[in-house]
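Participant: For the sequence shown, counting from 1, position 44 maps to 43 in numbering that gives the first Met the number 0; every step adds exactly one.
Glycine residues also receive a C-beta, built at the ideal position from the N, C-alpha and C atoms.
Quick one: the structure is below, and I'll ask about it shortly.
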Amino acid sequence: MELPLQRPERPCGAGPSLALAYDSSTVDGLTSSTNNQASAVGDGWSLAGVGSIRQKFAPCVDQGVSGSYDLCGATGGQQFSISFGGRSGQVIKDAATGTYRLQNDDNTRIEYLSAAGSNGTFDGGYWKLTDTSGTQYFFGRNHLPGWAAGKASTNSADTVPVGAAGPSQPCAAGSFAASLCQQAYAWNLDYVLDVQGNSQAFYYTQDTNNYTAQAGTGARLSYVRSSRLTRVDYGMRAGTELDSPSPLRIELAYTPRCTGVDCSKGNDVPTTFACAPTGACTVYSPTFYTDQRLLTVTTRTATSPTAYQNVDVWNLHHSMPDPGDGTKPALWLGSVDHQGANTATGTGGAISDPGVIFSGQTLQNRVWVVDGLAPLDRYRISSIKTVTGASIAVTYQGAECTPTNLPAAPETNTKRCFPQWWTPTTPIAQPARMDYFHIYPVASVATNAGPGATGSLDMLTRYEYQGTPAWKYAGPKYVAGTGGSQLSWSVLAGWGKVKTITGNAAVAGQNPSSITTYLRGLDGTPSNGSGGTVAASVTASDGTTITDSPWLAGSAVETQKFLGEAGAQLSTSINTPGRRHRPRRGLPGPVPRRHATPAPGRSRRSLPAAPGRESAPPQPPIPSMPWAGTQPCPIPERPVARRAAAPSQHSRTTQGRIFWPCRQRPAPTPGPAPGTGHRPGTSSPPEPPSTMPPRPRPPEHPATRPRPGATRHARTPPPPSPARPSRPGKPDPPWPTTGWAGPCPPPTAPPGPPPPPTPRLPGCPPR
């Protein structure tokens, strides 16, 4: 579930898409010995619309470094993962070429770059992603273009001291103490640049802490214990981000967790791990936590080079509810209300929405047995009241596992609980142990329109998880760890099929349903502690077999729709991840374009040829246009091929016309002089007609070949579409001349003087 944080439209370029996102599954399995702290938004919540690339480390004590609770490089080499813009998974380094790719490769180019001393890491390294549209995303860059001493940094690289347990790990030196160097455990998104030179910048605030290295015998070392997004600037031009204020801005304000919140039952801030730069410190390893909560999100627009006015404000209200099992409360988001500025200056009285209210219920995380340890209760959303008065009720499946009904072995587990090693800390500290922990899949979501909604019907969506869940090992290879760092089969791979039933009619046949088959990424994963691996594949209803590769996890293979809950099948859609779908012959593409391999789980659609349609005649020449980029430019209509080919991701259609991206709109010019074919005042003659021979007619299918003695009738071409008439009594408005909005002018504009230029907003390029 997401609550979007709407922002003012940008005058040029793209803008951020921030939202408050909730996922109840992130609460499953949280224990008192791991970093189970709720985020600054609340338990189960996160701030969507940003992202990061993270690096995994491992305890040095598990790699043979005695007398040390520091972090060392991951066993088996550096391990990176990404969570950003729909991309989630590992970042893989090609051992042969040294290049990086996403595990679920979608043709995004990913690079690791270095700029010594720029972001606080030992090598100044940061990441650059370039997607298929040409937009560049930077993570951990820290210094924007044009940065100089005294100018703002983004503080986007979170660092921690990391030692080298072997000669192949970074910063390896003659002694362990000498190998400890600052490495990034998170590179956060801080700079976005599109192909038109429009940019966005993300700024963070970092909280630091200290610890004493080498079990108290080493130096006092500093690290970033948490960071939080505090500002987003957008609508800017590349290279000018630090020269003048941005035309549009989003500000996020935070406050200490117990400020304005009743913490009489405790809180989830582990203050015992705080360590000052000087004085006594008995903290011997880095601990990551935050003492802040998100208070407000404000969107603002510039009214002058030095002043902003508010547009929208979201206020978050939190509490620390007692879980009731003796453990400390976690930060709970109780409600979110929205205010809109109602004056020209953005100040004064504001218009407020009633707000969105969240209620919760406690569920046991641990499969509880009476052994003196808590069941580790955590809250999950059970109901929501919307701004319109509607109510949404969420129901979860009950717990399956009990102390007498546990999986026979972790590697063969098929139940709704999973094994996990943890170190109990309450009521007293105990050695590491393995317990089982519940998961609670959503069973149904019911929506009631609320009082006053006359004639509205309740909406009910139910989910049936067919078969049993699968569990994957928490690493790429089995590793015999020790203590609380020992891994197990604790990663939920999900169910192979999920049935969705929509409707609450008393007659089951009146509730439409669908069954979706998913890939779970099981093939090749560890199956036991002896080096065995899983062999897994998925077969669709048409017999297509797909290897269940790890990088395809979560991809939908087939969706079947049914009449009612158990009625006849209405349709089926089968998608083979990674397969190219070529357009059929006989339909020309709009213009030559760059093709990209479809992302796994997606396919490129193609339009079938119309029955009786002949192959297309030669294409008219594409006019030479001095623009290219993201603004829409009209392409001359084709006189014969009335059906337009499906546009690619680099083009779009508007009112039946095919548009191609453009970078800058040319000024309107008089049309061609009669009988000349080119514009007055220019010496360039018209382009010669195409000499491309007609495409050969594709062979006929036997089913379309006329029977003996039958007469084949020619297909009458449809009449040309009439031109769109002007509005009665009003002339058509002139084409806008601004460089950042509206459609591009046609290749030939009506004669006459151009309209006066629109005032340029701050941060947009001049014409």
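In chain order, what residues of the same chain lie with their CB nearer than 6 Å to the CB of C180, ignoring the 5 residues before and after it?
Facilitator: Same-chain partners within the cutoff: F121, C170.
Participant: So, at 7 Å on beta carbons, what are the nonlocal neighbours of T770 in its own chain, with the 5 sequence-adjacent residues on each side left out?
Facilitator: Residue coverage of the chain in this structure runs from 0 to 766, which leaves residue 770 outside it and unanswerable.
Participant: Tell me T336's beta-bridge partners as DSSP assigns them.
Facilitator: Before going further, note that residue 336 is Asp rather than Thr in the sequence given. DSSP output for D336 lists N314 as bridge partner(s).
Participant: Quick check on the DSSP output: the alpha helix (DSSP H) that includes S178 runs from which residue to which?
Facilitator: 175-178 is the span of the alpha helix (DSSP H), which, as asked, contains S178.
Participant: At what residues does the beta strand (DSSP E) containing L330 begin and finish?
Facilitator: Careful: L330 lies outside any beta strand (DSSP E) and carries neither H nor E.
Participant: Measuring alpha carbon to alpha carbon, tell me which of L70, A539, W186, F83 ends up nearest D130.
Facilitator: Selected option, being the one with the closest Cα: F83.
Participant: Inspect the beta-carbon positions of C280 and N209 and report whether they are closer than 8 Å.
Facilitator: For C280 and N209, yes; Cβs fall inside 8 Å.
Participant: Quick check on G215: does DSSP put it in helix, strand or coil?
Facilitator: Helix at G215.
Participant: Extract the residue ranges of the alpha helix (DSSP H) inside the stretch 548-581, only unbroken runs of 4 or more that lie entirely within it.
Facilitator: Whole alpha helix (DSSP H) segments, 4+ residues: zero.
Participant: Taking C-alpha atoms, which residue in I438, T207, P246 lies nearest to P276?
Facilitator: When each option's Cα is compared against that of P276, the closest is T207.
Participant: Three or more C-beta pairs under 8 Å: does that hold for the stretch 427-443 against the stretch 523-533?
Facilitator: No contact exists between the stretch 427-443 and the stretch 523-533.
Participant: Less than 8 Å separating the beta-carbons of S303 and H316?
Facilitator: No.
Participant: With N510 and T499 assumed to form a contact (beta carbons below 8 Å), what rounded beta-carbon distance in angstroms separates them?
Facilitator: Contact doesn't hold; Cβ gap of about 10 Å is too wide.
Participant: Would you mind stating whether Y190 and A200 have Cβ atoms separated by less than 8 Å?
Facilitator: Closer than 8 Å, so yes.
Participant: Keeping to the same chain, check which residues put their C-beta closer than 7 Å to that of G348; ignore five residues upstream and five downstream.
Facilitator: Within the same chain, G348 has close Cβ partners N341.
Participant: Per DSSP, what kind of secondary structure is T543 in: helix, strand or coil?
Facilitator: Three-state DSSP puts T543 in coil, outside helix and strand.
Participant: Specify whether the stretch 397-415 and the stretch 41-56 touch according to this definition: at least 3 beta carbon pairs, one from each stretch, less than 8 Å apart.
Facilitator: No: fewer than three Cβ pairs fall under 8 Å.
Participant: Given this structure, state the Cα-to-Cα distance separating M319 from L569, to the nearest angstrom.
Facilitator: Computed Cα separation, rounded: 49 Å.
Participant: I need the DSSP call for V26, collapsed to helix, strand or coil.
Facilitator: Three-state DSSP puts V26 in a helix.
Participant: DSSP on T515, reduced to helix/strand/coil?
Facilitator: T515: strand per DSSP, three-state reduction.
Participant: Output yes or no for whether 8 Å exceeds the beta carbon distance between Q102 and G85.
Facilitator: Against a cut-off of 8 Å, the Cβ pair of G85 and Q102 comes out as no contact.
Participant: Judging by CA-CA distance, which residue of Y99, S113, A567 is the nearest neighbour of T107?
Facilitator: Taking only the C-alpha atoms, the option nearest T107 is Y99.
Participant: What did DSSP end up calling A37 once you bin it into helix, strand or coil?
Facilitator: A37 falls in the coil class under three-state DSSP.
Participant: Let me check one thing: in DSSP terms, what residues is Y288 bridge-paired to?
Facilitator: Per DSSP, none; premise fails for Y288.
Participant: For L70, which residues from the same chain have a beta carbon less than 6 Å from its beta carbon, with the 5 sequence-adjacent residues on both sides left out?
Facilitator: Excluding positions up to five away in sequence, the list reads F56, V161.
Participant: Using the Cβ count rule (16 or more neighbours within 10 Å means buried), how would you classify I427?
Facilitator: Answer is exposed; the Cβ neighbour count stays below 16.
Participant: Pull up the distance between the alpha-carbon of M0 and that of L459, whole angstroms please.
Facilitator: Taking the straight line joining both Cα atoms gives about 16 Å.
Participant: Nearest to Y253 by alpha carbon, out of T158, T286, L293?
Facilitator: Comparing Cα-Cα distances from Y253 to each of T158, T286, L293, the minimum goes to L293.
Participant: Can you list, in chain order, the residues of its chain whose CB lies under 6 Å from that of Q205, leaving out five sequence neighbours each side?
Facilitator: Contacts found: N154, V223, S226.
Participant: My understanding is that D27 touches I438, with C-beta atoms under 8 Å, so please give their C-beta distance in whole angstroms.
Facilitator: The Cβ separation is near 5 Å, so the contact holds.
Participant: Using a Cβ-Cβ cutoff of less than 7 Å, which residues in the same chain neighbour N266 once the five nearest sequence positions on both sides are dropped?
Facilitator: Within the same chain, N266 has close Cβ partners R256, C257, M319, K327, P328.
Participant: Go ahead and label L456 buried or exposed: buried means 16 or more other beta carbons lie within 10 angstroms of its beta carbon, across all protein chains shown.
Facilitator: Burial call: exposed.
Participant: Is P409 helix, strand or coil by DSSP?
Facilitator: Residue state, collapsed to three classes: helix.
Participant: Let me make sure I understand the geometry here. Which of T532, R219, Y307 has the alpha-carbon closest to that of S243?
Facilitator: Looking at the Cα atoms, Y307 is the closest of the given residues.
Participant: Buried or exposed: which applies to I545, given that a residue is buried once 16 or more other Cβ atoms fall within 10 Å of its Cβ?
Facilitator: By the 10 Å Cβ count, I545 comes out buried.
Participant: Using DSSP with H/G/I as helix, E/B as strand and the rest coil, what is A507?
Facilitator: Note: A507 maps to helix in three-state DSSP.
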